[in-house]
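Residue numbers (this note's numbering): 8 to 817.
We put the beta carbon where it would ideally sit given N, CA and C, even for glycine.
Fair warning: this is a prediction, and the values are worked out from it, not measured in the lab.
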């Protein structure tokens, strides 16, 4: 049972981080009598529990934008946009940017729910913003929200789990797009019953516009099967794209206005100008308030496979066809179209990709079509010199185009404006994110001997980064959107996760990580952090030392030791053949390939199979332990030491302490500075697993399924995984026990004891309870760092540091 002692709550000074909480609780575990042939539990030493960070924590640190997504532009020039890989929703008005909703921020009126991902946004001319966002916390789901400009409040329009109105007996599961009219009405596409789509309108109440089994106009008895909203005009006119069954057409485009329907075009109709018949439609939008439409139509049997068409007085005409040379684009041919956007004044724009992968944007104005933007065009208002359109676009009544894109030499991501023949940067990765900025915690954690905590988290608007924490608060270490060294102007776009869910924090604050790069001369790299310095270790396209005509093509994950040596998994392109490898990178010395497919494993007749997706660990002596799949589909744990590689555990090897069970697959591995190795394994043919220690050529079990789990009133382990070891030989690991138990346990010379168990309350006045555990690691002082979920969240929501405050045996 638990006996609680000291409880304290400290709120850091507001000049540092007024939202950062440090909570400590002191306890002792007593009465945990545990008998096992492996260990005998005793009362563990006194420990303190510190909450290092919580999902939703606000940072005062400088940050920048990255990964711009969906954008919307109104006639007043306001831009609503999503940034940071869907982690933040923002509004730019004139020269100011304000956050509307952020990942890990509490959903208004729902204290137990946090915003997760933002996927779609629309804005009207009053500045009201409708958006779609998923949420997590005490429950998971997705909803359509409306932010009202006048009151600055956010309300939920409809949420997953709500009943679908109309002749459908189902509940909403997801939402695909959203539009908001000038009177505040909201139109959206909803998903239900896994694959069914419907078009809906909210104008005080929620009503179906086009859903399954409703009549489809102009199809002679047809009924809608799946329908989606394509556009919403200020007067409430809705453009619908829908599939049809039971009529004379299989699909079509339709207008719904003031309760009345009209047909725009249907499949099977003749495609004017090129012959053949329309087969399907996409990328449709309204281009005037009178109901004229621009759309992409696929054509069967014509002189072209399709293109962009417009309707005038009910008649369709081709405007831009795919597959034909475009003189303005140097005779390039269009191979695909992406969004068509309009200002409802008869003007519209579309983004295209050409046959040489160049991209461009066409603008139709006053009856003429012009190529206004092409890859490599110059940019003003940015330090970069060339431009590549990459994402969504919008067009307002002033003829201003807004679109997502990136520049090169050097690289910036951003939202750019085209006006009067000039491109200028509006918001880029060089733009500072306005406060507040919230953290959403990830699973990857690291803990140094000096007590420095390192963890991965997503900062709203910026994406996944590496952070460090101290009593003074959290500071960013690697921010997405910043320049990546050695890449000739590339910037960090996405951080690589560590599959084992624990990261090495070596001496002098050394870290290693993998990251995706945008722009510059590389698409991905391995990087070494020493203090505040970040340097590239290996980059895609870089030659692999010792291998002829071989270059790096991708990276898995990386670890580092206190000497600064980095080990990483990677993929290699050699003579157009993809191989996987493990590489060592000592400071100021050439890279060294330790293992590569399909070479023989030393001392065996087996060859390496998979390496890049497997786990590895490096100690300060330079010993490297890693897992690999072999060419006979078995798996192995291998040790590289003093220039030699050998297998220390392999599939089908007997499990010590069991009656004939055998090791199967391997997950996490780790080696300490004394050469003690820990790993986990799922047994062959069983839903059983174990955590093992390999020391001085001996293999022993720390914990296996079926053993009694201490502190659980006689329950037994159902599964154990993700071990971590320190130089004293202490092993921390994750375990499932009983029917729904979850916990972190510690094995020391004093025995086996629980550290954190689900159902335990956080030591604050919220009484929130731990429900699941993700990453776990420990340092040589016996401190343990854990990322945990609170109150049924599917994601980590708390970063917990368990400090040892008494010597062993007390």
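Beta-carbon spacing of residue i, residue j below 8 Å
i	j	result
residue 520	residue 485	yes
residue 206	residue 128	no
residue 256	residue 281	no
residue 543	residue 572	no
residue 402	residue 459	no
residue 61	residue 804	yes
residue 488	residue 73	yes
residue 381	residue 369	no
residue 293	residue 219	no
residue 565	residue 557	no
residue 142	residue 114	yes
Endpoints, the beta strand (DSSP E) within which residue i is located
i	result
residue 785	777 to 785
residue 72	Run containing residue 72: none; DSSP gives neither H nor E here.
residue 290	284 to 293
residue 652	651 to 657
residue 715	That residue, residue 715, is in no beta strand (DSSP E); it is neither H nor E in DSSP.
residue 567	557 to 567
residue 675	670 to 678
residue 248	245 to 252
residue 628	Looking at the DSSP string, residue 628 is not in any beta strand (DSSP E), and its letter there is neither H nor E.
residue 601	599 to 603
residue 696	696 to 702
residue 758	758 to 764
residue 79	78 to 80
residue 87	86 to 90
residue 531	531 to 537
residue 214	213 to 217
Residue i - DSSP class collapsed to helix/strand/coil
i	result
residue 506	coil
residue 336	helix
residue 516	helix
residue 707	strand
residue 30	With a pLDDT of 37 at residue 30, under the threshold of 50, the predicted position of this residue should be treated as unreliable, though the coordinate-derived value follows. The answer is strand: DSSP assigns residue 30 an E or B state.
residue 345	strand
residue 812	coil
residue 483	strand
residue 803	coil
residue 176	coil
residue 618	coil
residue 149	strand
residue 366	strand
residue 554	coil
residue 396	strand
residue 54	strand
Buried or exposed (CB count within 10 angstroms, at least 16 for buried), residue i
i	result
residue 396	buried
residue 604	buried
residue 609	exposed
residue 802	buried
residue 36	Legend: pLDDT at residue 36 = 32, less than 50; position of this residue unreliable, value from coordinates given subsequently. Looking at its Cβ environment, which holds 16 or more other Cβ atoms inside 10 Å, residue 36 is buried.
residue 176	exposed
residue 596	exposed
residue 586	buried
residue 563	buried
residue 48	Summary for residue 48: the model assigns pLDDT 39, below 50, so the residue's position carries little reliability; its value from the coordinates is reported in the next sentence. When all chains shown are included, residue 48 counts as buried.
residue 174	exposed
residue 623	buried
residue 364	exposed
residue 391	With a pLDDT of 49 at residue 391, under the threshold of 50, the modelled position of this residue cannot be trusted; read the value that follows with caution. Result: buried.
residue 227	exposed
residue 297	exposed
residue 800	buried
residue 103	exposed
Strand pairing of residue i, partner residues [DSSP]
i	result
residue 324	317
residue 465	447 and 471
residue 440	Beta-bridge pairing links residue 440 to no other residue.
residue 154	136 and 161
residue 730	BP columns for residue 730 are empty, so no partner.
residue 331	Paired residue(s): none; residue 331 is not in a bridge.
residue 377	370
residue 648	651
residue 642	636
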